[in-house]
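Note sheet for the following structure.
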Amino acid sequence: MMSETEVHAVMGEALMSRGLATAEQVQADRASLEARIASEEPGAQPAPAPQPQQPGAVPAQAVPTKPTTDDELTQIAFAGEAGPQSYRFEAPPRGVESSLEQEVTFRSFFHSEGLPQSIAGEIGRQWSKACANPPDAAALEMGRQQGMQALSRMWGAERDANLAIAQREVQRMAKGRPEIIAMLDQSGMGNSPWLAATLVHLAKAKGRA
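If you count the sequence shown from 1, position 127 lands on 127 in the UniProt record's numbering, and the numbers rise without skipping.
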């Protein structure tokens, strides 16, 4: 299961790949996220007060690479690839069987859903990992509990509303490919905070939420 910092890394890659953020901006955002997480740990000390900005200095995050709104950034970051052939996937772990038919199916599905490479590649990686080490019932339940805790930290009071959006996205996709439900349940990917957050961002980027 991906942590909040790993979720941020994948989202940052999507923005950098489309020229919407620099590495420095993503690193600064990550440092801010890590500081917040550290402050929530038991016994954590309050973060030091920010130092005064030097005259004429420009913060790393102050100037976006393109003058776009948050909605436009989301739409561009979650724009699909040119065609099914554009997706690239890591080689599956040793011992995991793969077939050309399965890869063609994945490519066609990702393209029909308009997924960018950064998201499709991470879904492929998580799926291969689950196939290499399938979770048992205890692992699935633990993943569910940890996933809900992570989403509570990520979304706060909006957790249930955002989860409903993610679940609607899954149900919509399952109308054309019913096997998606079983794949998510059996692999444990249905408990992934990263996947839930991604589905919410995708729904908003495509105007479905």
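Just so you know, even glycine gets a beta-carbon here, dropped at the ideal spot from N, CA and C.
With burial defined as no fewer than 16 other Cβ atoms inside 10 Å of the residue's Cβ, what is the status of VAL104: buried or exposed? exposed
Enclosing alpha helix (DSSP H) for SER118 [first to last residue]: 117-132
CB contact flag (PRO92, SER108, <9 Å): no
For PRO64, which residues of its own chain have a beta-carbon under 7 Å away from its beta-carbon, when the five flanking residues on both sides are left out? With a pLDDT of 44 at PRO64, under the threshold of 50, the modelled position of this residue cannot be trusted, and the question is left open.
Taking just the CA atoms, how far does ALA196 sit from GLU158? 13 Å
Between the stretch 107-123 and the stretch 141-161, can you find at least three pairs of beta-carbon atoms closer than 8 Å? no
Using the rule of at least 16 other Cβ atoms within 10 Å of the residue's Cβ for burial, across every protein chain shown, is PRO193 buried or exposed? buried
Is the beta carbon of SER187 sitting closer than 9 Å to the one on GLN126? yes
Is it true that the CB of ALA132 sits closer than 9 Å to the CB of VAL96? yes
Cα-Cα separation, PRO178 to SER32: 40 Å
With a threshold of 6 Å on Cβ separation, who are the neighbours of ILE165 within its own chain once the five nearest residues in sequence on each side are excluded? VAL200, ALA203, ALA209
How big is the Cα-Cα spacing for SER39 and ARG88? 37 Å
Keeping to the same chain, check which residues put their C-beta closer than 6 Å to that of ASN191; ignore five residues upstream and five downstream. GLY143, ARG144, GLY147
Where does the unbroken alpha helix (DSSP H) through ALA166 begin, and where does it stop? 159-176
Whole angstroms is fine: what's the gap from ILE180's alpha carbon to ALA205's? 21 Å
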